[in-house]
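Data block below; observations after.
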Amino acid sequence: MKIKTCIVTGQYPPQVGGVGHSAFRVANILASRGMQVHVVALQKHPTPLPFDESCSSTQEGEVLVHRVKVFHPKREEGVAFVDGEVLTRYNREMFHALEHFQQRYHYDVLHAFFLYPAAFVAGLVGRLHGVKMIASIRGNDIGKYAFDPLRLPFIRSSLENADYVTSVATSLTDLADRAITPIAGKAKTILNSVDLTRLRPQARPELNLKGTVIGTAGLFRYKKGLVYLFKALADIGNRFDFSLLLAGDFFSEDDRQPHLQMLHDYGLQQRTVITGKIPSDRMADYLQLFDVLVFPSLFSEGCPLSMLEAMTMKKVIIGSRAGAIPEIIRDHKNGLLVNPGSSEEITQALVEVMENPALRERLAANAAATVSAMTPAREFSDWLGVYETILDESSRRKRE
Numbered sequence: 001m002k003i004k005t006c007i008v009t010g011q012y013p014p015q016v017g018g019v020g021h022s023a024f025r026v027a028n029i030l031a032s033r034g035m036q037v038h039v040v041a042l043q044k045h046p047t048p049l050p051f052d053e054s055c056s057s058t059q060e061g062e063v064l065v066h067r068v069k070v071f072h073p074k075r076e077e078g079v080a081f082v083d084g085e086v087l088t089r090y091n092r093e094m095f096h097a098l099e100h101f102q103q104r105y106h107y108d109v110l111h112a113f114f115l116y117p118a119a120f121v122a123g124l125v126g127r128l129h130g131v132k133m134i135a136s137i138r139g140n141d142i143g144k145y146a147f148d149p150l151r152l153p154f155i156r157s158s159l160e161n162a163d164y165v166t167s168v169a170t171s172l173t174d175l176a177d178r179a180i181t182p183i184a185g186k187a188k189t190i191l192n193s194v195d196l197t198r199l200r201p202q203a204r205p206e207l208n209l210k211g212t213v214i215g216t217a218g219l220f221r222y223k224k225g226l227v228y229l230f231k232a233l234a235d236i237g238n239r240f241d242f243s244l245l246l247a248g249d250f251f252s253e254d255d256r257q258p259h260l261q262m263l264h265d266y267g268l269q270q271r272t273v274i275t276g277k278i279p280s281d282r283m284a285d286y287l288q289l290f291d292v293l294v295f296p297s298l299f300s301e302g303c304p305l306s307m308l309e310a311m312t313m314k315k316v317i318i319g320s321r322a323g324a325i326p327e328i329i330r331d332h333k334n335g336l337l338v339n340p341g342s343s344e345e346i347t348q349a350l351v352e353v354m355e356n357p358a359l360r361e362r363l364a365a366n367a368a369a370t371v372s373a374m375t376p377a378r379e380f381s382d383w384l385g386v387y388e389t390i391l392d393e394s395s396r397r398k399r400e
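Going by the numbering used here, the first residue of the sequence shown is number 1, and it counts up by one from there.
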């Protein structure tokens with residue numbers, strides 16, 4: 001009998017973001033290997049809608065996707081916190097939406113991506129209807145929300161109600177287990193995978209790049225620590241001929257202006273190319289342009305897919321000791337590690353690789369070898385082990 005699972009997420013393509021990309025990848029990995037997979041994508045909507053007008057269901061390949069527009073008014077300018085009544089309605093509407101799909105389709109497992117809101121709501125529905133729930137930690141849901149007085153009770157509830165907790169970084173699991181609520185006995189790290197067959201350049205973008213191409217890829221915001229890369233490049237100055245390539249876009253308009261101002265302040269504007277949003281199937285076109293990619297994340301980092309993709313394409317990686325980066329990068333083996341918030345260490349790492357072609361070649365080759373083992377088949381095996389654990393436990397209890 002097929003396992004019927006429902007992936008619950010607050011983000012799903014065409015929405016842009018790491019959580020959405022991961023939910024999409026895992027949904028399709030599970031479906032391609034025989035599971036019956038639904039997705040409930042809970043999307044904020046600025047005006048209230050009748051429930052029967054808020055939902056749409058589409059078959060997308062092997063996955064049935066239910067998109068639900070949930071009322072959540074836009075925050076007024078200058079207002080720091082969401083009103084309690086608004087939050088109560090938001091939570092309740094998500095709960096009723098997921099309960100509706102559970103009662104209609106009778107899922108065996110609710111598989112939530114991100115602790116709040118997805119795992120919080122899935123935990124309530126799971127407990128009420130006797131359905132197993134997997135809570136998947138992705139980054140900010142622990143790295144940021146553990147310090148958020150508004151969301152901390154929700155993530156604690158998510159962890160407590162989960163039958164199993166997965167994380168994309170062991171450091172996030174440790175913080176949740178030791179500082180929020182004990183989960184070590186039901187937790188596992190599952191690193192992201194890379195589909196090697198998808199990362200093939202289709203064309204070479206015509207960009208104004210000169211010298212060594214240094215930069216990063218993804219969605220850019222404060223926690224990614226780009227200011228420290230900018231400071232490092234400003235310190236290097238004219239010692240080397242380089243261009244700064246930012247392959248991606250800013251997470252929000254609130255992130256754009258501060259970063260543009262920093263580029264101006266550090267004298268990097270004339271050397272910088274910002275691509276804007278890149279479709280996932282074209283990312284390889286841009287990654288091929290890099291010589292060195294830097295991922296100077298400060299906190300809340302998960303398992304950055306852009307870094308894994310760059311490693312696949314034999315690029316030199318400099319990464320901070322944040323999230324899963326130090327679980328993947330071994331210093332001076334398949335990349336270079338720096339401490340978060342240290343522009344001086346980034347400068348030293350950049351100078352080291354720019355002055356040593358043999359080191360660059362070795363790091364790039366080893367990076368590709370590392371990621372070659374991080375396949376969708378490996379990720380499916382990890383997920384299947386989690387599903388079998390919780391469903392076998394459920395069957396055993398029923399027999400007793």
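Don't be surprised by glycine CBs; every beta carbon is placed ideally from N, CA and C.
When you compare each of the options to residue i by their alpha carbons, which one comes out closest?
{"i": "Leu-42", "options": "Thr-312, Gly-17, Gln-11", "result": "Gln-11"}
{"i": "Thr-272", "options": "Ile-180, Leu-233, Arg-282, Ala-284", "result": "Leu-233"}
{"i": "Tyr-164", "options": "Val-109, Thr-347, Ile-214, His-72", "result": "Val-109"}
{"i": "Leu-199", "options": "Thr-375, Val-68, Asp-281, Leu-64", "result": "Asp-281"}
{"i": "Arg-156", "options": "His-332, Arg-138, Asp-177", "result": "Asp-177"}
{"i": "Ile-214", "options": "Phe-250, Tyr-286, Thr-166, Gly-185", "result": "Tyr-286"}
{"i": "Gly-323", "options": "Ser-243, Lys-223, Phe-242", "result": "Lys-223"}
{"i": "Thr-181", "options": "Leu-209, Leu-159, Leu-128", "result": "Leu-159"}
{"i": "Met-311", "options": "Thr-216, Val-40, Phe-113, Ala-179", "result": "Thr-216"}
{"i": "Glu-206", "options": "Ala-184, Val-292, Leu-245", "result": "Leu-245"}
{"i": "Asp-291", "options": "Ala-247, Ile-328, Glu-327", "result": "Ala-247"}
{"i": "Gly-267", "options": "Gly-237, Asp-392, Ile-3, Gln-288", "result": "Gly-237"}
{"i": "Asn-366", "options": "Glu-327, His-332, Val-70, Lys-44", "result": "His-332"}
Would residue i be called buried (16 or more neighbouring beta carbons within 10 Å of its own) or exposed?
{"i": "Glu-309", "result": "buried"}
{"i": "His-106", "result": "exposed"}
{"i": "Arg-239", "result": "exposed"}
{"i": "Gly-78", "result": "Low confidence applies here, because Gly-78 scores a pLDDT of 47, under 50, leaving its location unreliable; read the following figure in that light. Under this definition Gly-78 is an exposed residue."}
{"i": "Ile-7", "result": "buried"}
{"i": "Pro-153", "result": "exposed"}
{"i": "Phe-147", "result": "exposed"}
{"i": "Glu-93", "result": "buried"}
{"i": "Pro-279", "result": "exposed"}
{"i": "Arg-104", "result": "exposed"}
{"i": "Ala-364", "result": "buried"}
{"i": "Asn-334", "result": "buried"}
{"i": "Ser-381", "result": "exposed"}
{"i": "Glu-355", "result": "exposed"}
{"i": "Thr-88", "result": "exposed"}
{"i": "Glu-379", "result": "buried"}
{"i": "Gly-84", "result": "exposed"}
Leaving aside the five residues before and after residue i along the sequence, list all residues of the same chain whose C-beta is less than 7 Å from its C-beta, in chain order.
{"i": "Ala-349", "result": "Ile-318, Leu-336, Val-338"}
{"i": "Leu-260", "result": "none"}
{"i": "Asn-208", "result": "Val-273"}
{"i": "Asp-392", "result": "none"}
{"i": "Met-262", "result": "Val-227, Phe-230"}
{"i": "Lys-44", "result": "Val-70, His-72"}
Between residue i and the rest of its own chain, which residues show a CB-CB distance below 6 Å, the 5 nearest in sequence each way excluded?
{"i": "Ser-343", "result": "Tyr-228, Lys-231, Ala-232"}
{"i": "Arg-360", "result": "Val-316, Val-353"}
{"i": "Arg-151", "result": "Tyr-116, Tyr-145"}
{"i": "Lys-210", "result": "Ser-243"}
{"i": "Asp-249", "result": "Gly-276, Lys-277"}
{"i": "Gly-20", "result": "Gln-11, Tyr-12, Pro-13"}
{"i": "Met-133", "result": "Leu-110, Ala-122, Gly-123, Gly-126, Ala-162, Asp-163"}
{"i": "Thr-166", "result": "Ser-136, Lys-188, Ile-190"}
{"i": "Thr-375", "result": "Ser-193"}
{"i": "Asp-241", "result": "Gly-211"}
What do you reckon, are the CB atoms on residue i and residue j nearer than 8 Å?
{"i": "Ile-325", "j": "Phe-299", "result": "no"}
{"i": "Thr-9", "j": "Leu-30", "result": "no"}
{"i": "Ala-358", "j": "Met-313", "result": "no"}
{"i": "Lys-74", "j": "Val-386", "result": "no"}
{"i": "Ala-119", "j": "Ala-135", "result": "yes"}
{"i": "Gly-225", "j": "Ser-297", "result": "yes"}
{"i": "Thr-347", "j": "Asp-235", "result": "yes"}
{"i": "Ala-179", "j": "Phe-113", "result": "no"}
{"i": "Gln-288", "j": "Pro-201", "result": "yes"}
{"i": "Arg-138", "j": "Val-168", "result": "yes"}
Can you name, in chain order, every residue of its own chain whose Cβ lies under 8 Å from the Cβ of residue i, other than the five neighbours on each side?
{"i": "Ala-80", "result": "For Ala-80, the pLDDT reaches just 49, beneath the cut-off of 50, and the residue's location in the model is therefore unreliable, although a value from the coordinates is still provided. Counting only Cβ-Cβ distances below 8 Å, and skipping sequence neighbours, we find nothing."}
{"i": "Gly-61", "result": "Asn-28, Ala-31"}
{"i": "Glu-345", "result": "Val-338, Asn-339"}
{"i": "His-66", "result": "His-38, Val-39, Val-40, Ala-41, Cys-55, Ser-56, Ser-57, Phe-101"}
{"i": "Phe-220", "result": "Leu-226, Leu-246, Gly-248, Asp-249, Phe-250, Phe-251, Asp-255, His-259"}
{"i": "Val-131", "result": "Gln-102, Tyr-107, Asp-108, Val-109, Leu-110, Val-125"}
Would you say the beta carbon of residue i is closer than 7 Å to some non-hydrogen atom of the ligand FAD?
{"i": "Leu-110", "result": "As far as ligands go, the structure on display features none, and thus does not contain the ligand FAD."}
contact_flag[the stretch 302-312, the stretch 192-204] where n(CB pairs < 8 Å) is 3 or more: yes
Cβ contact check for the stretch 139-152 and the stretch 169-178: 3 or more pairs under 8 Å: yes
Stretch-stretch touch, CB-based, cutoff 8 Å, three pairs: the stretch 14-23 with the stretch 51-63: no
Validate contact between the stretch 252-262 and the stretch 371-388 using beta carbons, cut 8 Å, 3 pairs: no
Stretch-stretch touch, CB-based, cutoff 8 Å, three pairs: the stretch 30-39 with the stretch 117-126: no
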